[in-house]
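Student: I have a structure I would like to understand better, so I am pasting it below and will then ask my questions one at a time.
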Amino acid sequence: MIPKDPFILLGFVNLKLRDFYRDLDALCEDLGVEKQEITDRLAAVDYRYDKEQNQFV
1 MIPKDPFILL
11 GFVNLKLRDF
21 YRDLDALCED
31 LGVEKQEITD
41 RLAAVDYRYD
51 KEQNQFV
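Going by our numbering, the sequence shown runs without a break in its numbering and finishes at 57.
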């Protein structure tokens with residue numbers, strides 16, 4: 001289960017990406033979440049995934 005609030009989701013996802021996962025695909029696969037769901041929810045608050053930084057910026 002991932003947080004519903006987009007700003008809490010942002011912190012949650014960026015922490016997980018920084019500390020545990022090599023990329024967004026690995027995070028989504030491990031958590032059983034659709035990548036599109038995360039990217040859409042964070043895009044709604046103007047954050048995009050940066051593959052080089054491995055975080056949403």
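Every residue, glycine too, gets a C-beta built ideally from N, C-alpha and C.
1) Report the rounded CA-to-CA distance for lysine 35 versus leucine 24, giving the unit in angstroms.
2) Pull the bridge partners of aspartate 60 from the DSSP assignment, please.
3) How should isoleucine 8 be labelled, buried or exposed, when 16 other C-beta atoms within 10 angstroms of its C-beta is the threshold for buried?
4) Does the Cβ of valine 13 have 16 or more other Cβ atoms within 10 Å, making it buried, or fewer, making it exposed?
Tutor: The short version:
1) As a working mapping, residue 35 is identified with position 35 in the sequence shown. As a working mapping, residue 24 is identified with position 24 in the sequence shown. So the two alpha carbons sit approximately 7 Å from each other.
2) What the structure shows of the chain is the stretch from 1 to 57, and residue 60 is not part of that stretch, so it cannot be assessed.
3) Position 8 of the sequence shown, counted from the start, is the residue given in the question as residue 8. It is exposed - the Cβ of isoleucine 8 has fewer than 16 other Cβ atoms within 10 Å.
4) Stepping through the sequence shown from its first residue, residue 13 is reached at position 13. Buried, since its Cβ has 16 or more Cβ neighbours within 10 Å.
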